[in-house]
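Written out below as structure tokens is the structure these notes cover.
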Amino acid sequence: MSALQRIALLFTIIGAINWGLIGFFQFDLVAAIFGGQNSMISRIIYGIVGIAGLINLALLFKPAAELGRTEPRVSRT
20 MSALQRIALL FTIIGAINWG LIGFFQFDLV AAIFGGQNSM ISRIIYGIVG
70 IAGLINLALL FKPAAELGRT EPRVSRT
């Protein structure tokens with residue numbers, strides 16, 4: 020996994036946590052930290068999280084060998 024994909028995964032996780040907070044507690048952490056949903060910095064962060072999600076879509080279609088892991092082998096004895 021490249022550094023870009025790791026950073027994108029981190030932003031995707033942050034976005035997922037924020038959406039969980041919104042869904043369960045009606046609390047938008049990004050908006051609370053950066054001055055509301057309409058502030059420029061909040062909108063930039065929302066955009067970065069969205070782009071990170073698109074980058075991570077590529078992980079769904081990569082073969083396991085490219086991700087650095089192998090599938091467990093089943094013994095037929």
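Sequential numbering of the sequence shown, starting at 20, is according to the numbering used here. All C-beta atoms, glycine included, are put in the ideal place defined by N, C-alpha and C.
Whole-number beta carbon distance between residue j and residue i, since they are thought to touch under 8 Å
| i | j | result |
| --- | --- | --- |
| Gly69 | Ser61 | That pair is no contact at about 13 Å. |
Buried or exposed (CB count within 10 angstroms, at least 16 for buried), residue i
| i | result |
| --- | --- |
| Ile63 | exposed |
| Val49 | buried |
| Asn57 | exposed |
| Ala51 | exposed |
| Ala77 | exposed |
Nearest residue (CA-CA) to residue i, options the options
| i | options | result |
| --- | --- | --- |
| Gly72 | Ala22, Ser21, Ala35 | Ala35 |
| Ala21 | Leu40, Ile74, Phe43, Phe44 | Correcting the residue identity first, residue 21 is Ser in this sequence and not Ala. Taking only the C-alpha atoms, the option nearest Ser21 is Ile74. |
| Leu23 | Phe44, Phe80, Ile67 | Ile67 |
Write down every uninterrupted run of the alpha helix (DSSP H) in the stretch 33 to 60 whose length is 4 residues or greater and which is fully enclosed by it, in chain order. List check, alpha helix (DSSP H) in window: 48 to 53.
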